[in-house]
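K.L.:
Sharing a structure, written as structure tokens. Questions coming.
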């Protein structure tokens with residue numbers, strides 16, 4: 008399991024945007040986001056740089 012810091016999420020809609028973006032990555036078994044904690048969690052065999060890029064492409068700031 009990999010947890011990434013995500014800035015810019017303010018609601019459950021933001022969580023859905025991040026979760027959907029991460030779910031499209033190859034190797035992702037599951038993904039979730041928590042706007043209150045400011046984190047996203049990914050399970051599976053994924054490249055951390057791809058995770059950060061997907062979060063940033065969704066419009067949020069990611070810190071690995």
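In the working numbering, the protein residues as written are 8 to 71. Glycine is no exception: its CB is placed at the ideal position from the N, C-alpha and C atoms.
1) Roughly how many angstroms separate the alpha carbons of residue 48 and residue 8, rounded to a whole number?
2) Please name the residue in 43, 39, 44 and 57 whose C-alpha comes closest to that of residue 50.
3) Check the C-beta distance from residue 69 over to residue 35 and give it rounded, since I have them as a contact under 8 Å.
4) Is it buried or exposed for residue 11, if we count other Cβ within 10 angstroms and need 16 for buried?
5) Could you pull the DSSP bridge partners for residue 70 from this structure?
P.N.:
Looking at the coordinates:
1) The residue labelled residue 48 in the question sits at position 41 within the chain shown. The residue labelled residue 8 in the question sits at position 1 within the chain shown. Linking residue 48 to residue 8 through their CA atoms gives a straight-line distance of about 7 Å.
2) Taking the chain shown and counting its residues from 1, one reaches residue 50 at position 43. If we check each option's Cα against that of residue 50, 39 comes out closest.
3) Within the chain shown, numbered from 1, the residue matching residue 69 stands at position 62. Within the chain shown, numbered from 1, the residue matching residue 35 stands at position 28. Between residue 35 and residue 69 the Cβ distance is about 15 Å, and since that is not below 8 Å, they are no contact.
4) Against the chain shown, residue 11 aligns to sequence position 4. It counts as buried.
5) Start at 1 with the first residue of the chain shown, and residue 70 comes out as number 63. DSSP lists 12 as partners of residue 70.
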